[in-house]
Every structure is written in C-alpha cells, then in structure tokens.
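Numbering (this note's numbering), first residue to last: 38 to 273.
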C-alpha cells in the first residue's frame, strides 16, 4: 500500500492458526528495506537471507529454516547455505527432488553430491576473514557506519531523496533518486566514468541503488558521497 517503503509490523496474531510456516525475506534488495526486528510466529519462521547474511547478528533460534545464496556476502555464485531446525528435517513432500531434500544432505554431511569446491573454498576464506576481524559484531559496526554516511548525506541534501521509513532502511542496499529521470540517467553514466560502477537502480524502482555489502570498504562509500556532492553542485 506504500510501494514497499516500509516493513509491516507482524505478530503471531497476524497469521492464521492453520498455516505450516511463515516465509519472509530479511532484506529487500530492490526497494532497499529490511526487517530490523523479526516477527514472532507460532508456525516455523522461514527466511531467505541471501542478501544480508553475516551482515549483522541474528538470533538463529527464532527461525525454523534460514537459507541464503552465498553470492552476496559469503562467496561466489553456486553455493547455498542452509540452517534448518532438526525437527523440521524429514518432512519433504513425495514430489520433492532429492537435491532439494534437506534430509538427504543432512544425512550425508552436505556431501550427497559433488560439491562446488571453489565456492566452498572462497566461503572458508571469508569466514576466516570475518573471524579475524572480530566476527559478525565487528562487520555489523562497519556496515552501520557505511550506511549512516550515505543516508546522512541523502537526508541532509535537497537534491537526493530516499522515501523509505528510516527504521526499515537496508544497510546493504541504499536506494535514492533525483527528481528528474534525465538526471538519474546522467548520474549513473558519469558515476561509472568516475569508477563508481553498477549504481543504476532496479528497473521496478529506477533511480540509483548503492549495494554496500560486507566487501565494500568505508572508503568506497565516502567516494560515492563525494561524487554525489560534486554532481549536485554541477547539475542544479
């Protein structure tokens, strides 16, 4: 009802009593919002954390199942991480393919099939790096700092706009627009020429989107803000 600019407040009473599970996506990469607080549910809570896993501390005990493609914060494409409550394993429907049956993988210690070894190797390096950095708490502080730098500038500007509820803003994907489609296109083109790549917003939203996943250093966000200032000054 508000074009995905906020996350609705959900409680156990929100859902019917006869449902098998509740599925959510923790971070909306397209619109730049996220669940800051996860809903309490009577049914098992299933969550796609592909775009913000390991970006912040999460109480895993609240979930029945967490799954995440590794390509955003853990590794390269081709690997999926699954955290599933033991009592939920073994309930697959008869039509479920073996490769999608968590019971088969759990019983084989994740070695049921030939593994994507390179993606797993990169994941190992990422885990070692995060551990040496100080764990998820440490990277969360860095991520919060990056997002704050960018959102603070956008909010203080009379040139760029982010329409999402502040409490629901993503720290992985920061969306913003200029009130002119021509200037949005010019911004993306000139930013790319300046070395700031892939800032074009999703086709459903338009404008710009800065994806500042774990691998993005603070310096990258600072460089973007400096470019934004120069562009605004030159294109009033």
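Think of the CB as a built atom: it goes at the ideal place given N, C-alpha and C, for glycine as much as any other residue.
Sequence-distant Cβ neighbours of residue 221 in its own chain, meaning closer than 7 Å and more than five residues away, are 214, 215, 243, 244, 245.
In terms of CA proximity to residue 260, 186 leads the group 97, 208, 186, 114.
DSSP, read as helix, strand or coil, puts residue 249 in coil.
The continuous alpha helix (DSSP H) containing residue 174 extends over residues 173 to 193. Using a Cβ-Cβ distance cut-off of 8 Å, the stretch 105 to 118 and the stretch 73 to 82 are not in contact, since fewer than three pairs of beta carbons, one from each stretch, lie closer than that value.
Taking C-beta atoms as the reference points, residue 194 and residue 269 count as a pair closer than 8 Å.
Within the model, the alpha-carbon separation for residue 228 versus residue 209 is close to 19 Å. The Cβ-Cβ distance between residue 73 and residue 205 falls below 8 Å. Looking at the DSSP output, residue 167 shares a beta bridge with no other residue. C-alpha of residue 105 to C-alpha of residue 200: approximately 27 Å in a straight line. In this chain, the beta strand (DSSP E) harbouring residue 106 covers 102 to 106. Annotation: the continuous beta strand (DSSP E) that includes residue 210 extends over 210 to 215.
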